[in-house]
Each structure stands twice: as structure tokens, then as C-alpha cells.
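Participant:
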Amino acid sequence: MNISLKFKQILIGSLLKPFFKQYCLLCAAHNAGELGLCNPCLSDLPYHSAPQCPQCGLLSNGLICGSCLNLPPHFDATYSLFTYEFPLDSLIQHYKYKNMLPLANAFASLLHTHKPIADTLSHKIDLIIPMPMHSARLKIRGFNQALELARIISKNTKISLDYNTCQRVRYTPPQASLPLKERIKNIRGVFNCQQKLYGKNIAIIDDVMTSGASLNELAKTLKEAGAAHVECWVIARTLAKLHD
Ligand SMILES: [Zn+2]
Ligand SMILES: [Zn+2]
């Protein structure tokens, strides 16, 4: 490249920089890094680092919990970056309902570099599948928050993204409005896989895991289609047990 042109680009870049200064999404400090959060806010987030059940992510002594032993879920493991509490809950609400897509970059980068997930990458995940959204809901919201996360994770990890094989074929009321038993009934049979997934190791991407009913139903559908191993990668996990 022509040296004077390069010099001009550097000069323009440095002149414009102050106008594009990154403000922290949480505290509006001026020194937010690439993820849009400043270091103190980033380290104050509620990371899910307490000993937990490796299968469902709920608190335990680090071994498989009683509920998973009694009624094993269809997914084999759960990795959650955060617990679903302040200020993470409002960040996720902003991301989902206020279309704050820049947060997708922050969440996705933090998720796939989360140590337990980075370690599991070596177990050879073949496919990343985002939690499917029904087309009617997609029309209302304008984007599938799980798909946006999955796109970035797939790009950064070079693991294939598949958002076509498995679809949500039935429109259901939002899970958040229902008690646990209703959630399980509400979600039954809503997914359909159009192709076989023989022997695949799959990571399902979702934003929040609450009762785990949707992830469990999707894992069931993926296993019925032949998947060998299914794990959940979520941004946040609620830890309070739901009342049934
Ligand atoms: Zn901050
Ligand atoms: Zn468990």
C-alpha cells in the first residue's frame, strides 16, 4: 500500500477514535473494552462457578444431582456462563427485547471462551444448533437471539452451524408464563428434525435455561434423530427451583 495513503488512514482513524469511544453498557464508563463492558463491570457479573451438577447445571456437590439421577434429562451436559440474576437478567432482557445486538458479540465471545466449554471443545463438538424459534415469533421479534449467538460462536470456533435441520413446528405460549408441569406439556413434540444426525456430537445454544424443559425436548428430538451426544451451552441458568 502507498505509504502516504496508509499514513492518511492512521491519521483519520486516530482523529475519529474519540467519537467512537466505547461506553460500558452497564455503567457508561468511557473505558469499555471490545466486549462493550468495562473491566470492573465484567468481573462483577454473576459467573456460574459454584460446584454444580455436570448434567443440568444446578447447584450440587459437583456430582450428578438427585433430579438427574431420578429422571435423567436427554442432554448429557450443561455449561452455563452466568447465573440468571442482576445485572445479567436485565442485560439479557435488553438483548432479547430491545434488539441490542452488540451484546450478542459480548455474550458469544464470553461463552465459547468459558473454560469448561473451551475444554469441552476438545471433545469434538461436530455441530452447533441454536434453539429454534417459531416463524410466527420470529416475525414479531425480528431475530432469534440464540441463532445470533450461535453464528458468532460458530465463526469463532469453526464448528459448523446448523439452523435448518431442526425446526420448531408448533407455536406455543411463551414458557416463561407457565408453571413447570405446564412447561413440560407445552413443549412436548414442538421440534422436528428433517434429517438424520447419526453419531453427531451437538452443542445446543440458548440464552437462558430455566426449567430446562425446552432444551430437554430439543435434546430428545436430536437423540431420536441419531445424535450421539448433546450438551447445552447457555448464557445464564436460573438456580431457583421452579414450583410445579
Ligand atoms: Zn462498567
Ligand atoms: Zn442435575
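To convert, take the position in the sequence shown, counting from 1, and add 1; that gives my numbering.
We put the CB at the ideal spot given by N, CA and C, even for glycine.
#1: Could you give the first and the last residue of the continuous alpha helix (DSSP H) run that contains H95?
#2: By the 10 Å Cβ neighbour count, where 16 or more other Cβ atoms means buried, how is N145 classified, buried or exposed?
#3: Rounded to a whole number of angstroms, what is the C-alpha to C-alpha distance between A228 and I126?
#4: Count Cβ pairs between the stretch 30-38 and the stretch 101-113 that sit closer than 8 Å; are there 3 or more?
#5: What ranges does the beta strand (DSSP E) occupy inside the stretch 169-210, keeping only unbroken runs of at least 3 residues that lie completely in it?
#6: Give the residues whose C-beta lies closer than 7 Å to at least one heavy atom of ligand 1, in chain order.
#7: Identify whether S161 lies in helix, strand or coil by the three-state DSSP scheme.
#8: Measuring straight from C-alpha to C-alpha, what distance separates P175 and L111?
#9: Would you report the Cα separation of C66 and Q94, rounded to the nearest angstrom?
#10: Any heavy atom of ligand 2 closer than 7 Å to the Cβ of S68?
#11: Determine the contact status of Y164 and A151, defining contact as a CB-CB distance below 8 Å.
#12: Going by the C-beta, is I65 closer than 7 Å to any heavy atom of ligand 2?
#13: Return the chain-ordered list of same chain residues with a C-beta closer than 6 Å to the C-beta of A128, the five sequence neighbours on each side being excluded.
#14: Hey, how far is the Cα of R189 from the Cα of Q23?
#15: Taking only heavy atoms of ligand 2 into account, decide whether any of them is closer than 7 Å to the Cβ of Q94.
#16: Along the beta strand (DSSP E) that carries C233, what are the first and last residues, could you check?
#17: Check this for me: beta carbons of H198 and T166, under 8 Å apart or not?
Facilitator: Let's see:
#1: Counting along the chain, the alpha helix (DSSP H) containing H95 begins and ends at 89-98.
#2: Its Cβ being crowded by 16 or more others within 10 Å, N145 is buried.
#3: 11 Å
#4: Touching, yes, given that three or more Cβ pairs across the two stretches are closer than 8 Å.
#5: Within the stretch 169-210, the complete beta strand (DSSP E) runs of at least 3 residues are 192-194, 202-210.
#6: C25, L27, C28, A30, A33, L38, C39, P41, C42
#7: S161: strand per DSSP, three-state reduction.
#8: 27 Å
#9: 29 Å
#10: yes
#11: yes
#12: Flag set: Cβ of I65 near ligand 2.
#13: According to the sequence shown, residue 128 is Leu rather than Ala. Excluding positions up to five away in sequence, the list reads S161, D163, K201, I203.
#14: Straight-line Cα distance between these residues: approximately 44 Å.
#15: no
#16: 230-238
#17: It is Leu, not His, that sits at residue 198 in the sequence shown. In contact: L198 and T166 (Cβ atoms closer than 8 Å).
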